[in-house]
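In the working numbering, the protein residues as written are 74 to 183.
Since the structure comes first, as structure tokens, the remarks are kept for the end.
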Amino acid sequence: KDARLLSFDAERWVLCKGASFAAGNSVFNVEDVSDAKEKITIHCSKGPMRGKLIDIYASRCPFVFGRAHEADLCIMDRELSRKHGAILFLQSNNGSSRGGVFVLADLEST
74 KDARLLSFDA ERWVLCKGAS FAAGNSVFNV EDVSDAKEKI TIHCSKGPMR
124 GKLIDIYASR CPFVFGRAHE ADLCIMDREL SRKHGAILFL QSNNGSSRGG
174 VFVLADLEST
């Protein structure tokens, strides 16, 4: 589950409440971010999984999505790679055992 953070503007890829991203024919919106539970909730508003809410916990990251059946989130969409992308949890460097941010990563598969 190797992942490379997108290199444009790092802040641009942080998944905060209200953020959205497209993957193939699907569009996902960040509905909630719970710092206390280290959990992000995304909603699929377009595509094969339309209407689904997905909870992703930091402990499950990297959370890989794509067409592969072994992906954490298998999306049957010909526009996606088998392992298309991932949601990562980057731990804060403040010395605390909790806290961090969820970010979107491109797995650069074809």
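Don't be surprised by glycine CBs; every beta carbon is placed ideally from N, CA and C.
- Under the three-state reduction of DSSP output, residue 132 falls in the helix class.
- Annotation: residue 182 is outside any beta strand (DSSP E) and is labelled neither H nor E by DSSP.
- Counting along the chain, residue 106 sits inside the beta strand (DSSP E) bounded by residues 99 to 107.
- Contact check for residue 105 and residue 114: beta-carbon distance about 4 Å, within the 8 Å limit, so the pair qualifies.
- Judged by their CB atoms, residue 162 and residue 134 are nearer to each other than the 8 Å cut-off.
- Excluding five sequence positions before and after residue 94, the CB atoms of its chain that fall closer than 6 Å to its own CB belong to 101, 177, given in chain order.
- Judged by their CB atoms, residue 97 and residue 152 are nearer to each other than the 8 Å cut-off.
- Of the candidates 130, 137, 174, the residue whose Cα lies closest to the Cα of residue 157 is 137.
- Counting along the chain, residue 117 sits inside the beta strand (DSSP E) bounded by residues 112 to 119.
- The C-alpha of residue 171 is placed about 31 Å away from the C-alpha of residue 141.
- Within the same chain, 117, 119, 120, 121, 122, 148, 150 come within 7 Å of residue 99 by CB-CB distance, once the 5 residues on both sides are set aside.
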